[in-house]
Amino acid sequence: IYTLPPHPVETEQYLKRHQELLAAYRRRDWEGALDLLDDGTLTREPDMAPFYDLFRERIAQLQIESPPEDWDGVYVAHEK
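Start counting the sequence shown at 0; every next residue gets the next number (the numbering used here).
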């Protein structure tokens, strides 16, 4: 997933945290991903809040219904 980075001064730190979130999500580290979603670096960017809320929803569902062994982190939308 590609996104526009926030303000230039915070870009490096933000992108590092964002990459850590994606890595935790892909390796099924739900608690780690949720911790990163609460990280001040990511929550400081209000334009990204809907995107991160979507991750929270997906993680909540994945905690209830584990993905298959061959899951690669891709989410397939079943409705528009």
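Where is the CB? At the ideal position from N, CA and C, for every residue including glycine.
Check, Outcome
"If you count every other CB in all the chains shown that lies within 10 Å of the CB of residue 35, and 16 or more means buried, which is it?", "buried"
"Where does residue 29 fall in DSSP's three states?", "helix"
"Kindly indicate which residue of 61, 77, 9 has the alpha-carbon position closest to the one of residue 70.", "61"
"Considering only residues of the same chain and omitting the five flanking positions on each side of residue 23, which have a CB-CB separation below 7 Å?", "31, 32, 35"
"Using only the alpha-carbon positions, how far apart do residue 86 and residue 37 sit?", "The displayed coordinates of the chain run from 0 to 79. Any statement about residue 86 would go beyond what the structure contains."
"Should residue 40 and residue 16 be called a contact, given that it needs their Cβ atoms to be closer than 8 Å?", "yes"
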